[in-house]
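**Q** Supplied in structure tokens, the structure appears directly below.
4 protein chains.
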Amino acid sequence: MSDLFDFGKDILNAQPFSALLGAELTAFEVGSAEMTLALRDEMTQQHGFAHGGVVSYLADNCLTFAGGSVLGDSVTSEYKINYVRPAMGQALIARATVLSSGRRQAVCECKVFAVSEKGEILAAVAQGTINKVDKTG
Amino acid sequence: MSDLFDFGKDILNAQPFSALLGAELTAFEVGSAEMTLALRDEMTQQHGFAHGGVVSYLADNCLTFAGGSVLGDSVTSEYKINYVRPAMGQALIARATVLSSGRRQAVCECKVFAVSEKGEILAAVAQGTINKVDKTG
Amino acid sequence: MSDLFDFGKDILNAQPFSALLGAELTAFEVGSAEMTLALRDEMTQQHGFAHGGVVSYLADNCLTFAGGSVLGDSVTSEYKINYVRPAMGQALIARATVLSSGRRQAVCECKVFAVSEKGEILAAVAQGTINKVDKTG
Amino acid sequence: MSDLFDFGKDILNAQPFSALLGAELTAFEVGSAEMTLALRDEMTQQHGFAHGGVVSYLADNCLTFAGGSVLGDSVTSEYKINYVRPAMGQALIARATVLSSGRRQAVCECKVFAVSEKGEILAAVAQGTINKVDKTG
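Dropping the structure here:
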């Protein structure tokens with residue numbers, strides 16, 4: 062496992078909310094990140110699908126990690142997400158890629174798939190801006 | 062309490078993920094919704110602030126409820142969110158308003174405030190499209 | 062007319078594309094901007110309404126000016142727009158407001174109205190991030 | 062040239078604003094569209110780059126065409142765009158792809174490149190929702 066992957070896992074482990082949900086960093090390279098989240102009943106909304114907030118959490122976090130792979134410690138500045146299909150199944154997988162990056166920010170895209178016996182089905186697509194954490198205030 | 066408020070609370074109660082987080086519908090009228098979420102340590106990210114996924118969840122859900130106040134049972138089709146300040150304190154309050162609506166969809170905006178002894182501080186702003194649940198498939 | 066208004070008009074006059082379309086800065090204060098664009102037939106799309114690109118241009122530019130009112134010379138980093146109604150009539154009016162700002166960026170919202178004998182009708186809403194032009198590269 | 066390509070060119074020719082700018086539909090297949098726009102001085106902003114409104118116009122229109130390739134006559138409902146680099150050179154090329162589609166709407170992404178002697182350089186990325194024009198009101 063690379064130093065970068067270790068760095069990523071350490072950041073994720075330092076996020077109590079990610080521990081509450083159970084997200085895992087399943088791939089992490091310069092310019093991309095993949096996160097997996099096992100779905101539990103307590104993550105659903107009133108129609109039995111994964112709650113949009115869960116899908117958004119995973120997209121947002123995966124965008125941040127993709128940006129962080131080129132910027133270091135980072136936060137999401139903004140993003141937009143389109144839910145394209147109800148998400149259900151055993152797990153969600155998010156894959157994010159850096160589209161462009163500079164010294165202080167990166168623009169990334171993310172696709173979130175619902176994983177079931179039918180395979181991976183696209184559930185949401187997101188695009189956003191990741192900012193390097195500014196230590197100088 | 063109005064019938065609409067009852068309808069809104071019933072929908073929220075039917076969302077297991079909202080129960081897990083502890084969100085409350087604190088105001089609900091035709092054209093607007095307010096949700097409150099008490100912050101707990103397990104909702105933070107690596108810098109000790111509320112995780113973006115928590116802020117997004119609340120914005121997304123509050124947008125859906127605002128849209129649902131004019132459309133009936135609804136889902137968020139898409140939204141964008143700008144995080145404008147780290148969110149910390151005792152609670153988050155989201156307030157969403159319908160900007161425009163038709164038979165099948167509504168465009169809404171939402172502001173999320175962090176509540177602490179300093180008062181309410183704007184933490185995020187969101188804008189999105191809410192779609193009426195289409196029973197005809 | 063204030064120095065700020067003069068500054069804004071100078072910037073707008075320095076934009077050849079704004080001159081091509083004929084946009085005017087009709088109000089400009091710290092934290093807000095208003096732009097007006099007389100509609101001409103050459104600004105329409107295939108259904109006879111103002112082309113989305115025209116509406117977007119005005120929203121984008123008005124967002125930049127609102128941000129620039131607190132940041133100085135600025136550019137739009139990103140924005141999202143929802144078209145809520147076909148835009149037609151004599152003119153478009155865009156009004157943008159700063160929601161939050163720091164040293165280097167501002168988050169702004171903008172509403173675009175179509176002006177006809179029926180009055181002002183909301184045609185689009187936008188939200189975006191404005192960045193101060195970074196002279197240091 | 063396919064019937065679809067002819068249909069696309071007819072729609073573009075029916076847009077006076079696209080004629081004013083000089084946009085061309087340079088590729089059009091089921092699920093994707095490419096548009097090219099020769100840059101002229103009158104399309105710039107105060108720093109000499111293509112105005113954001115020009116880049117947005119092209120992204121918006123190309124998103125609509127990509128969506129229209131699967132939906133028929135369509136309009137953009139909403140989109141978001143990130144400008145990732147100042148756009149300058151001889152032309153802009155936008156390429157849009159359908160990510161997901163249903164009966165009434167499609168979610169599409171678009172990349173806009175600036176073309177100069179250096180080749181194609183990514184200038185902006187966009188994501189949005191395209192709606193089929195609803196003849197039934």
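Sequence lines, in order, name chains V, L, Y and F.
If you read the first sequence in the numbering used here, its first letter stands for residue 62, the second for the next number, and so on.
If you read the second sequence in the numbering used here, its first letter stands for residue 62, the second for the next number, and so on.
If you read the third sequence in the numbering used here, its first letter stands for residue 62, the second for the next number, and so on.
If you read the fourth sequence in the numbering used here, its first letter stands for residue 62, the second for the next number, and so on.
Built from N, CA and C at the ideal position, the CB exists for glycine as well.
The model shown is predicted, which means the values in this text are computed figures rather than measured ones.
(1) Around the Cβ of residue 175 of chain L, are there at least 16 other Cβ atoms within 10 angstroms (buried) or fewer (exposed)?
(2) Considering just the uninterrupted stretch of the alpha helix (DSSP H) at residue 80 of chain Y, what are its terminal residues?
(3) From V:129, V:114 and V:125, pick the residue whose C-alpha is nearest to that of residue 122 of chain L; which is it?
(4) Using a Cβ cut-off of 7 Å, pull out every chain L residue sitting near residue 75 of chain V, in sequence order please.
(5) The region 137 to 159 of chain F: which residues have C-beta closer than 8 Å to a C-beta of chain V, in chain order?
(6) Scan the region 93 to 122 of chain V for residues whose Cβ lies nearer than 7 Å to a Cβ of chain L and list them as they occur along the chain.
(7) Taking residue 194 of chain Y as the reference, which of Y:137, Y:82, Y:106 and Y:111 has the closest Cα?
(8) Looking at the C-beta of residue 186 of chain L, does it have a partner C-beta in chain Y at a distance below 8 Å?
(9) Answer yes if the region 132 to 150 of chain L comes into contact with the region 126 to 135 of chain F, meaning at least three C-beta pairs across the two stretches below 8 Å, and no otherwise.
(10) If we require 3 or more residues per run, which beta strand (DSSP E) segments fall completely within the region 90 to 142 of chain V?
(11) Report the CB separation of residue 103 of chain Y from residue 78 of chain F in whole angstroms; it is logged as a contact under 8 Å.
(12) Can you find a CB in chain F that lies within less than 8 Å of the CB of residue 198 of chain V?
(13) Put residue 198 of chain V into one of helix, strand or coil per three-state DSSP.
(14) If we count Cβ pairs, one from each stretch, closer than 8 Å, do we get three or more for the region 150 to 163 of chain F versus the region 157 to 170 of chain Y?
(15) Which chain L residues sit within Cβ distance under 7 Å of residue 78 of chain V?
(16) Below 8 Å on the Cβ atoms is my contact criterion, and I expect residue 28 of chain Y with residue 106 of chain F to pass it. Report the Cβ-Cβ distance as a whole number of Å.
(17) Please tell me whether residue 125 of chain V has its Cβ less than 8 Å away from any Cβ of chain F.
(18) Going along chain F in order, which residues have a C-beta closer than 9 Å to the C-beta of residue 190 of chain L?
(19) Taking CB distances under 8 Å as the criterion, tell me whether residue 183 of chain L reaches chain Y.
(20) Roughly how far, in whole angstroms, is the beta-carbon of residue 169 of chain V from the beta-carbon of residue 155 of chain V, given that I think they are within contact range, below 8 Å?
(21) To the nearest angstrom, report how far apart residue 120 of chain Y and residue 141 of chain V are at their CA atoms.
(22) State the Cα-Cα distance for the pair residue 125 of chain V and residue 150 of chain Y, rounded to the nearest angstrom.
(23) How should residue 74 of chain V be labelled, buried or exposed, when 16 other C-beta atoms within 10 angstroms of its C-beta is the threshold for buried?
(24) Measure from the C-beta of residue 168 of chain V to each C-beta in chain F and report whether the shortest distance is under 8 Å.
(25) Going by DSSP, what residue range makes up the beta strand (DSSP E) through residue 189 of chain F?
(26) At what residues does the beta strand (DSSP E) containing residue 156 of chain F begin and finish?
(27) Using only the alpha-carbon positions, how far apart do residue 192 of chain Y and residue 147 of chain F sit?
(28) For residue 81 of chain F, return the contacting residues in chain Y, with the cut-off set at a CB-CB distance below 7 Å.
(29) Mind checking whether residue 143 of chain V and residue 94 of chain V have CB atoms under 8 Å apart?
(30) Could you check whether the Cβ of residue 135 of chain F sits closer than 8 Å to any Cβ belonging to chain V?
(31) Just list the residues that DSSP pairs residue 86 of chain F with in beta bridges.
(32) If we count the other Cβ atoms within 10 Å of its Cβ and call it buried at 16 or more, is residue 187 of chain Y buried or exposed?
(33) With distances taken from CA atoms, which of Y:80, Y:91 and Y:145 is nearest residue 68 of chain Y?
**A** So, to answer that:
(1) buried
(2) Residue 80 of chain Y -> alpha helix (DSSP H) spans 77 to 82.
(3) V:114
(4) 107
(5) 141, 143, 145 and 146
(6) Cβ contacts with chain L come from 102, 103, 104, 105, 106, 107, 112, 113, 114, 115, 117, 118, 121 and 122.
(7) Y:137
(8) yes
(9) no
(10) 93 to 99
(11) 6 Å
(12) With a pLDDT of 43 at residue 198 of chain V, under the threshold of 50, the predicted position of this residue should be treated as unreliable, and no value is reported.
(13) Reliability of the predicted coordinates at residue 198 of chain V is poor, the pLDDT of 43 falling under 50, and no value is obtained from them.
(14) Output reads no: the region 157 to 170 of chain Y does not touch the region 150 to 163 of chain F.
(15) 103, 104, 105, 106, 112, 114 and 115
(16) There is simply no residue 28 of chain Y to check, as chain Y begins at 62 and stops at 198 in what is shown.
(17) At a cut-off of 8 Å between beta-carbon atoms, residue 125 of chain V makes no contact with chain F.
(18) 138, 139 and 190
(19) yes
(20) Actually they are not in contact, since the Cβ atoms of residue 169 of chain V and residue 155 of chain V sit about 11 Å apart, beyond 8 Å.
(21) 18 Å
(22) 43 Å
(23) exposed
(24) yes
(25) 180 to 193
(26) 152 to 162
(27) 13 Å
(28) 103
(29) no
(30) no
(31) Note: residue 86 of chain F is bridge-paired with F:96 in the DSSP secondary-structure output.
(32) Burial call: buried.
(33) For the residues Y:80, Y:91 and Y:145, the minimum Cα distance to residue 68 of chain Y belongs to Y:91.
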